[in-house]
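**Student:** In my numbering, the protein residues as written are 193 to 484. Backbone N, C-alpha and C define an ideal beta-carbon position, used for all residues, glycine too. Model, not experiment: these values are computed from the prediction. Sending over a structure as structure tokens; questions will come in a sec.
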């Protein structure tokens with residue numbers, strides 16, 4: 193297939209970026225692949241062991257449990273982020289007093305450093321001097337062991353993750369909603385569409401590509417989330433909040449099994465690439481149906 197002159201120019205302009213990405217992403221990825229095929233540990237010469245690390249990881253019940261927790265974590269967090277972000281974007285589309293101030297307040301969690309935000313939540317939920325339990329006890333209710341109970345600890349991680357990142361969804365979907373031509377709303381109104389029909393048949397179909405992009409980014413980043421669960425609970429109590437990133441960290445740096453840690457990293461990379469490829473393909477088909 194012969195490339196046109198604009199295509200050749202585009203490839204030449206992209207070449208430095210592709211070379212940089214290849215050096216900083218592809219090369220380390222293949223180095224990680226090699227480590228995953230060895231028994232590398234500190235203080236010992238690495239020996240080639242083939243796919244033994246993958247067999248060990250895939251047969252480890254702790255890995256299966258971490259994988260299931262990770263899947264549940266991603267589904268719940270991304271669903272809540274998209275739902276909350278879309279609802280707030282719809283509200284911000286309306287005209288009401290101090291809308292700019294509310295917009296700034298909504299964006300505040302996204303602007304805060306992740307570690308600062310998580311530590312803030314950790315102190316707020318502290319069972320001894322946290323303001324949340326103080327408020328609960330002040331109205332006569334029993335305090336809640338937020339980060340020492342298996343159920344509440346995972347709920348806290350989900351809440352903090354959604355609170356920290358829902359603003360990204362809000363920004364993208366608000367921009368998509370404001371880009372819809374007013375003539376389409378007017379045409380729907382002339383056809384007798386009510387607010388619900390306007391939402392289902394006009395707004396959602398027109399911002400579907402934006403929703404798909406939001407889902408793509410949030411699934412990728414939530415799948416490899418580490419800072420929030422590790423800072424809040426360290427994977428505990430026990431292994432109640434141990435997801436794949438924490439399982440990887442423990443294997444590589446707590447147990448000094450770099451080969452197993454690298455194998456987990458490649459498994460996570462493979463899952464992310466496959467899932468991303470599927471979502472990108474679906475998004476592309478939605479935006480350019482003539483290229484199917």
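Drop a sphere of 10 angstroms on the beta-carbon of residue 172, count the other beta-carbons inside from all chains shown, and report buried for 16 or more, exposed for fewer.
**Tutor:** The chain is shown from 193 up to 484; residue 172 falls before or after that span and cannot be answered.
**Student:** Beta-carbon within less than 7 Å of residue 269's beta-carbon, same chain only, minus the 5 sequence neighbours each way: which residues are those?
**Tutor:** So the qualifying residues of the chain are 350, 353, 354 and 414.
**Student:** With DSSP run on the structure shown, which of helix, strand or coil describes residue 446?
**Tutor:** The answer is helix: DSSP assigns residue 446 an H, G or I state.
**Student:** Between the C-alpha atoms of residue 229 and residue 219, what's the straight-line distance to the nearest angstrom?
**Tutor:** Near 16 Å, if we compare the C-alpha coordinates of residue 219 and residue 229.
**Student:** Go to residue 262, then tell me how far its alpha helix (DSSP H) extends in each direction, as first and last residue.
**Tutor:** Unbroken alpha helix (DSSP H) run through residue 262: 253 to 285.
**Student:** I'd like the list of long-range same chain contacts for residue 317, defined as Cβ closer than 7 Å, with 5 residues on each side in sequence excluded.
**Tutor:** The answer, listed in chain order, is 324, 338, 339 and 348.
**Student:** Can you tell me whether residue 366 is helix, strand or coil according to DSSP?
**Tutor:** Residue 366 falls in the helix class under three-state DSSP.
**Student:** Straight-line CA distance for residue 363 to residue 281?
**Tutor:** Answer to the nearest angstrom: the Cα atoms are 7 Å apart.
**Student:** If you check the beta carbons only, do residue 441 and residue 428 fall under 9 Å apart?
**Tutor:** No; because the gap between Cβ atoms is not below 9 Å, this pair is not in contact.
**Student:** Going residue by residue through the segment 402 to 449, where are the continuous alpha helix (DSSP H) segments of at least 4 residues, counting only ones entirely within it?
**Tutor:** Listed in chain order, they are 419 to 424 and 436 to 441.
**Student:** Is it buried or exposed for residue 371, if we count other Cβ within 10 angstroms and need 16 for buried?
**Tutor:** It is exposed - the Cβ of residue 371 has fewer than 16 other Cβ atoms within 10 Å.
**Student:** Tell me whether residue 320 sits in a helix, a strand or coil according to DSSP, three-state version.
**Tutor:** Here residue 320 sits in coil by DSSP.
**Student:** I need the boundaries of the alpha helix (DSSP H) containing residue 245, first residue and last residue.
**Tutor:** 244 to 250 is the extent of the alpha helix (DSSP H) around residue 245.
**Student:** In three-state DSSP terms, what is residue 233?
**Tutor:** Note: residue 233 maps to strand in three-state DSSP.
**Student:** Give me, in chain order, the residues of the same chain whose beta-carbon lies closer than 7 Å to that of residue 267; leave out the 5 immediate sequence neighbours on both sides.
**Tutor:** Excluding residues within five positions, none has a Cβ falling inside 7 Å.
**Student:** Which residues in the same chain have their Cβ closer than 6 Å to the Cβ of residue 234, if we skip the five residues on either side of it in sequence?
**Tutor:** Excluding positions up to five away in sequence, the list reads 448.
**Student:** Look up residue 240 in the DSSP assignment and give the residues it is bridged to.
**Tutor:** According to DSSP, residue 240 bridges with 230.
**Student:** So, are the CB atoms of residue 329 and residue 335 less than 9 Å apart?
**Tutor:** Yes. Within cutoff.
**Student:** Measuring alpha carbon to alpha carbon, tell me which residue in 422, 232 and 265 is nearest residue 314.
**Tutor:** Among 422, 232 and 265, the Cα nearest to that of residue 314 belongs to 422.
**Student:** Classify residue 226: buried if its beta carbon has 16 or more other beta carbons within 10 angstroms, exposed otherwise.
**Tutor:** Counting Cβ neighbours within 10 Å, residue 226 comes out exposed, since fewer than 16 surround it.
**Student:** Have a look at 402, 380 and 341 and flag the residue whose alpha-carbon is nearest the alpha-carbon of residue 425.
**Tutor:** With distances taken between Cα atoms, residue 425 lies closest to 341.
**Student:** Taking residue 431 as the reference, give the member of 262, 459, 205 and 236 with the closest Cα.
**Tutor:** Nearest C-alpha to residue 431: 262.
**Student:** So, helix, strand or coil for residue 199, using DSSP?
**Tutor:** DSSP places residue 199 in helix when its eight states are reduced to three.
**Student:** Which residue wins for smallest C-alpha separation from residue 306, given the options 419, 474 and 465?
**Tutor:** The option with the nearest alpha carbon to residue 306 is 419.
**Student:** Span of the alpha helix (DSSP H) holding residue 302?
**Tutor:** Per DSSP, residue 302 belongs to the alpha helix (DSSP H) from 291 to 303.
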